[in-house]
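K.L.:
Here it is: the structure, laid out below.
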Amino acid sequence: MLLYILTAVFVLAFIISFLRDPRNLLNAFLFLFALGLLYLSALELAFAHSDTLYMLLLLIFLSVPLVIVLVGIFLFINGFIILKKEGKSLGNSLSLLLGLGLLGYMGLAFLGIQHAKLLALDYPIVYYVFVYMNFLFVLFAVVFVAFFLYSILYHILPKKRDYDYIIIHGAGLLNGETVTPLLAKRIDKAIAAFEKAAKPHVTLIPSGGQGPDEKVSEAAAIARYLREKGIPDEAVILEDMSRTTYENLLFSKQLTDKGDNPYYLFVTNDYHVLRTSFYAKKLKMRGAGLGCQTASYYLPSAFIREYVAILQKLKRPLLILSILFFLFMMLSFL
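As C-alpha cells, this is what we get:
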C-alpha cells in the first residue's frame, strides 16, 4: 500500500510541476522517479495476479546490464563515425570516450560482484572503493536517464502558436559568411513556425555574434538567408552581439522586452532545446523551445555535450551527495 501511495504522490507532483512550468529542471527527476515507481507498482501487482506478466516485467529490470553494454558498444562505434566525418577533436571524441567508459565500468563491475566477498574480507579498502565507484555510476546514470527521457517528452509536446518573437540561435558559418546545413535547418524550422503563427505581427530574431574566424556575424548571415526565403526585413530584428546560448536569450530579451511580457519561441537543434528552455526560465522569459532534426550520426555526441552542460548546472548537489556518501562509507569502514 505504501508503494502505491508513494507512486501517486510522485505522479501528482510531476503533473503539478509540469503544468506550472515544463522548463523546470526538477521535472526531469520527478518524471524519472514517477516512471520508476509506476514500474515497481506494476511489478507488485503482477506478482500478486499474473506470473507471466511478473516475469516479463522482471526481465526488463534484469536486462539493464545488457542494455548498458549494448549502449557502450553503440557509442564506441558511433565515436569512430563522428571522428571520420567531423574530424579529430576532444569534442568529437565524447561518444567514443563514454562508450569506452561504459564498457570498462561494466567489466570492472562484473569482476567486483564476482569477487565481492573476497574483497570485503581481505581487501576492505578496495571493496569500499568498488562500492563508491558504483554509487557514482548510479548517481550520474540517474541524471543522464532523467535528462534523456525528459528531453524526449519535452521535444514531442505540441507548442503554442501565440508567440510574439521567434529567436533563431546561431551556429558556426561556412567559410565565415554562409549558413551551414545545420543552421539552415534551424532557420527553415523558424520560417515554418513564422508562417503558422497565430498572431499577425510576429518578429524573427536572428541571434549570434561574429566569431574570430567569421567575416560577418551569425545574425547577419541568418538575416540574409531569411531575405532569400522571402521574409521581409521589417519582420526581422538582429541580435549580433551574443557568444553563447545564454547570451542569445539575454540579449534578445533586452532588445524586445519593454514590460509587455512577450511570449518567445526558441528555435535550435532538437538536442539543444531543453537546455535552452532552462536558460529561458532562468531569465524569466515566457516561451518554449522548438527543435529541428539533427544528423543521426551526430546526435549521440551532441546529446552528451548537453549532458555535460547539465552536470555543470547540477555540480553543487552532485558534489554534496558524493561527499555525504563518502563520509558515510568512511564511518562504516572505521
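Add 313 to the 1-based position in the sequence shown for this note's numbering, that's all there is to it.
Glycine residues also receive a C-beta, built at the ideal position from the N, C-alpha and C atoms.
1) Just curious, the beta strand (DSSP E) that Ser520 is in, first and last residue?
2) Go through the region 408–483 residue by residue and report every complete run of the alpha helix (DSSP H) that reaches 4 residues or more, in order.
3) Give me, in chain order, the residues of the same chain whose beta-carbon lies closer than 7 Å to that of Asp583; leave out the 5 immediate sequence neighbours on both sides.
4) Which term fits Pro519, buried or exposed, when burial requires 16 or more other beta carbons within 10 angstroms of its beta carbon?
5) For a test of the three-state rule: what should DSSP assign to Ala601, helix, strand or coil?
6) Within the region 369–401, note down every full alpha helix (DSSP H) run reaching 4 residues or more, in order along the chain.
7) Per DSSP, what kind of secondary structure is Glu560 in: helix, strand or coil?
8) When the Cα atoms are used, what is the spatial distance from Ile623 to Lys498?
9) Could you please give the first and the last residue of the uninterrupted alpha helix (DSSP H) stretch that includes Thr589?
10) Start and end of the beta strand (DSSP E) containing Tyr611?
11) Quick one: what does DSSP say Thr493 is sitting in, helix, strand or coil?
12) Would you tell me roughly how many angstroms separate the C-alpha atoms of Phe638 and Glu357, rounded to the nearest one?
13) Do you know how far the Cα of Pro630 is from the Cα of Asp573?
14) How would you write the range of the alpha helix (DSSP H) that Val322 sits in, first residue to last?
15) CB Leu345 to CB Ala459, shorter than 7 Å?
16) So, are the CB atoms of Leu343 and Ala326 less than 7 Å apart?
17) Would you please state the rounded distance, in angstroms, between the beta carbons of Gly602 and Phe616? I believe it to be under 8 Å.
18) Per DSSP, what kind of secondary structure is Leu644 in: helix, strand or coil?
19) Across which residues does DSSP place Val621 in a beta bridge pair?
20) Within this structure, are the beta carbons of Arg474 and Ala505 separated by less than 7 Å?
21) Starting from Leu350, trace the alpha helix (DSSP H) in both directions and tell me its first and last residue.
22) Decide if the region 585–602 is in contact with the region 554–563; the criterion is three or more beta carbon pairs, one per stretch, under 8 Å apart.
23) The alpha helix (DSSP H) that contains Leu539, what's its start and end?
24) What whole-angstrom Cβ distance do Tyr478 and Tyr592 have, given they're in contact under 8 Å?
25) Answer yes or no: do Thr260 and Ile465 have a C-beta to C-beta separation smaller than 7 Å?
P.N.:
If we stick to the structure as given:
1) As a first step, residue 520 is located in the sequence shown; it is residue number 207 there, counting from the start. Taken as a continuous stretch (DSSP letters only), the beta strand (DSSP E) holding Ser520 covers 516–520.
2) Those alpha helix (DSSP H) runs which fall completely within the region 408–483 and span 4+ residues are 429–435, 437–469.
3) Here residue 583 corresponds to residue number 270 of the sequence shown, with the count starting at 1. Result list for Asp583: His468, Gly604, Cys605, Gln606, Thr607, in chain order.
4) On the sequence shown, position 206 is the one that residue 519 refers to. Classification of Pro519: buried, given that the 10 Å Cβ count is 16 or more.
5) Here residue 601 refers to the residue found at position 288 of the sequence shown. Ala601: strand per DSSP, three-state reduction.
6) The region 369–401 contains these whole alpha helix (DSSP H) runs: 377–399.
7) Indexing the sequence shown from 1 puts residue 560 at position 247. Here Glu560 sits in helix by DSSP.
8) Indexing the sequence shown from 1 puts residue 623 at position 310. Indexing the sequence shown from 1 puts residue 498 at position 185. Each residue's Cα considered, the two are about 25 Å apart.
9) Position 276 of the sequence shown, counted from the start, is the residue given in the question as residue 589. Residues 586–595.
10) Here residue 611 refers to the residue found at position 298 of the sequence shown. Tyr611 -> no beta strand (DSSP E), and no H or E assigned at all.
11) The residue labelled residue 493 in the question sits at position 180 within the sequence shown. Three-state DSSP puts Thr493 in coil, outside helix and strand.
12) As a position in the sequence shown, residue 638 is number 325, starting the count at 1. As a position in the sequence shown, residue 357 is number 44, starting the count at 1. Whole-angstrom Cα-Cα distance: 29 Å.
13) In the sequence shown, residue 573 corresponds to position 260, counting from 1. In the sequence shown, residue 630 corresponds to position 317, counting from 1. Each residue's alpha carbon lies about 36 Å from the other.
14) Working through the sequence shown from its first residue, we reach residue 322 at position 9. Judged by DSSP secondary structure, Val322 falls within the alpha helix (DSSP H) whose first and last residues are 315–333.
15) Here residue 345 is taken as the residue at index 32 of the sequence shown, counted from 1. Here residue 459 is taken as the residue at index 146 of the sequence shown, counted from 1. Going by C-beta atoms, Leu345 is nearer than 7 Å to Ala459.
16) Residue 343 sits at position 30 when you count from the first residue of the sequence shown. Residue 326 sits at position 13 when you count from the first residue of the sequence shown. Yes, Cβ-Cβ distance for Leu343 and Ala326 is below 7 Å.
17) Within the sequence shown, the letter at position 289 stands for residue 602. Within the sequence shown, the letter at position 303 stands for residue 616. About 15 Å; that fails the 8 Å criterion.
18) As a working note, residue 644 is residue 331 in the sequence shown. Helix, per DSSP.
19) One-based indexing of the sequence shown puts residue 621 at position 308. Paired residues: none, contrary to the question.
20) Against the sequence shown, residue 474 aligns to sequence position 161. Against the sequence shown, residue 505 aligns to sequence position 192. Taking 7 Å as the Cβ cut-off, Arg474 and Ala505 do not qualify as a contacting pair.
21) Counted from its first residue, the sequence shown places residue 350 at position 37. Unbroken alpha helix (DSSP H) run through Leu350: 339–362.
22) Cβ pair count under 8 Å is three or more, so yes.
23) Sequence index remark: in the sequence shown, residue 539 carries index 226 (1-based). First-last of the alpha helix (DSSP H) with Leu539: 531–541.
24) Looking up residue 478 in the sequence shown gives position 165. Looking up residue 592 in the sequence shown gives position 279. About 15 Å; that fails the 8 Å criterion.
25) No information on residue 260 is available, as it lies outside the stretch 314 to 647 that the chain covers here.
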